[in-house]
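Notes follow once the structure below has been shown.
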Amino acid sequence: MPPIRQRGSFAVEFAITVSLLLLLIFAIVNLALAAWNYNTLSQASREGARYGSVLGNTDGRYSRERARELIQRRVEAYAVGLRFDTVEVSWDGGDNAPGSIVTVSASYRFHPVSAMLGPLSIPLRSSASMMISQ
Numbered sequence: 069m070p071p072i073r074q075r076g077s078f079a080v081e082f083a084i085t086v087s088l089l090l091l092l093i094f095a096i097v098n099l100a101l102a103a104w105n106y107n108t109l110s111q112a113s114r115e116g117a118r119y120g121s122v123l124g125n126t127d128g129r130y131s132r133e134r135a136r137e138l139i140q141r142r143v144e145a146y147a148v149g150l151r152f153d154t155v156e157v158s159w160d161g162g163d164n165a166p167g168s169i170v171t172v173s174a175s176y177r178f179h180p181v182s183a184m185l186g187p188l189s190i191p192l193r194s195s196a197s198m199m200i201s202q
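Following our numbering, the numbering of the sequence shown begins with 69 at its first residue and continues without gaps.
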């Protein structure tokens, strides 16, 4: 081929390669950030369930409402950097007596760093359950 026909082909190949490479890098970054957010959400709900498992109402100190408030604060304090949509606390018997199961559910909307298709949010949800021991 004459050299005149190949003029500019490097620029076209470079543009295609760089755009695909950047797309791949942004996808990896967003996937890693989503995984980190979900892991933090999951750990926070587990920490809330663990905390709730020792807030049994054995001597009247921890009413259900007070225990719910303390558990929600614990979950929100554990997940630094995340603003939860909801943190729900429930008990299988309706109260926080020893032997009941406490369930802590938390939800969060993940917003990718580079939303190329417009505003995008992915709902993440995690829950954990433990038996109240004390």
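A virtual CB, placed ideally from N, CA and C, is assigned to each residue, including glycine.
I'd like the list of long-range same chain contacts for residue i, defined as Cβ closer than 8 angstroms, with 5 residues on each side in sequence excluded.
i	result
Ser110	Ser194 and Ala196
Asn105	Leu150, Tyr176, Phe178 and Leu192
When the distance is taken between beta carbons, is residue j closer than 8 angstroms to residue i?
i	j	result
Ser168	Trp159	yes
Val170	Ser121	yes
Arg142	Glu115	yes
Val181	Leu101	yes
Please state the DSSP three-state secondary structure of residue i.
i	result
Phe178	strand
Ile96	helix
Val86	helix
Val143	helix
Leu192	strand
Spatial neighbours of residue i within its chain, please: C-beta separation below 6 angstroms, excluding the five flanking residues on both sides.
i	result
Ile190	Phe178
Would you say the beta carbon of residue i is closer than 7 angstroms to some non-hydrogen atom of the ligand GDP?
i	result
Leu92	As presented, the structure is devoid of all ligands, the ligand GDP included, so that no description of it is given.
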